[in-house]
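First residue of the sequence shown: 20, per the working numbering; consecutive thereafter.
Every residue, glycine too, gets a C-beta built ideally from N, C-alpha and C.
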Amino acid sequence: HAPWALEVNGINLVIAESFARIFRQNVFNNGMMAVELPAETIEEVFNTFKGRETNLETDFNNGIFIIYSSDISLRIPFTLAEFDRELVKAGGWVDYAEKHY
20 HAPWALEVNG INLVIAESFA RIFRQNVFNN GMMAVELPAE TIEEVFNTFK
70 GRETNLETDF NNGIFIIYSS DISLRIPFTL AEFDRELVKA GGWVDYAEKH
120 Y
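Shown next, in the form of structure tokens:
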């Protein structure tokens with residue numbers, strides 16, 4: 020149920036060092052993204068943008084997060100398994116299954 024709580028609040032991306040297997044899979048099953056990044060990268064983002072109004076854009080096709088404020092930006096690469104990528108593109112497991120089965 021945790022991914023649903025995120026989804027109904029407009030959150031479709033979660034970034035962390037790691038995820039519990041069931042949470043991670045449920046996020047993708049709902050067409051959302053759970054992306055693991057190294058702790059150092061996450062810390063760099065928080066340190067760089069502390070106290071700033073910050074935006075994050077996802078270049079899904081190239082696997083890059085673009086994080087920016089008014090005067091600074093970071094480009095952070097990420098990877099997704101191909102099946103997870105397909106679930107996101109389809110909008111989740113139900114939509115994926117309807118198209119493929």
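Note down the Cα distance separating residue i from residue j, rounded to an integer number of angstroms.
i	j	result
Y87	E117	37 Å
T67	Q44	30 Å
F84	L75	7 Å
Would you give the residue range spanned by the beta strand (DSSP E) that residue i belongs to?
i	result
I95	92–96
M51	First-last for M51: undefined, no H or E at that position.
Could you check what DSSP says for residue i in three-state terms: helix, strand or coil?
i	result
F84	strand
E26	helix
A39	coil
Quick check on the DSSP output: the alpha helix (DSSP H) that includes residue i runs from which residue to which?
i	result
L75	Counting along the chain, L75 falls outside any alpha helix (DSSP H), though it belongs to the beta strand (DSSP E) covering 74–78.
A109	101–109
H4	This structure does not reach residue 4, given that the chain is present from 20 up to 120, and the question cannot be answered.
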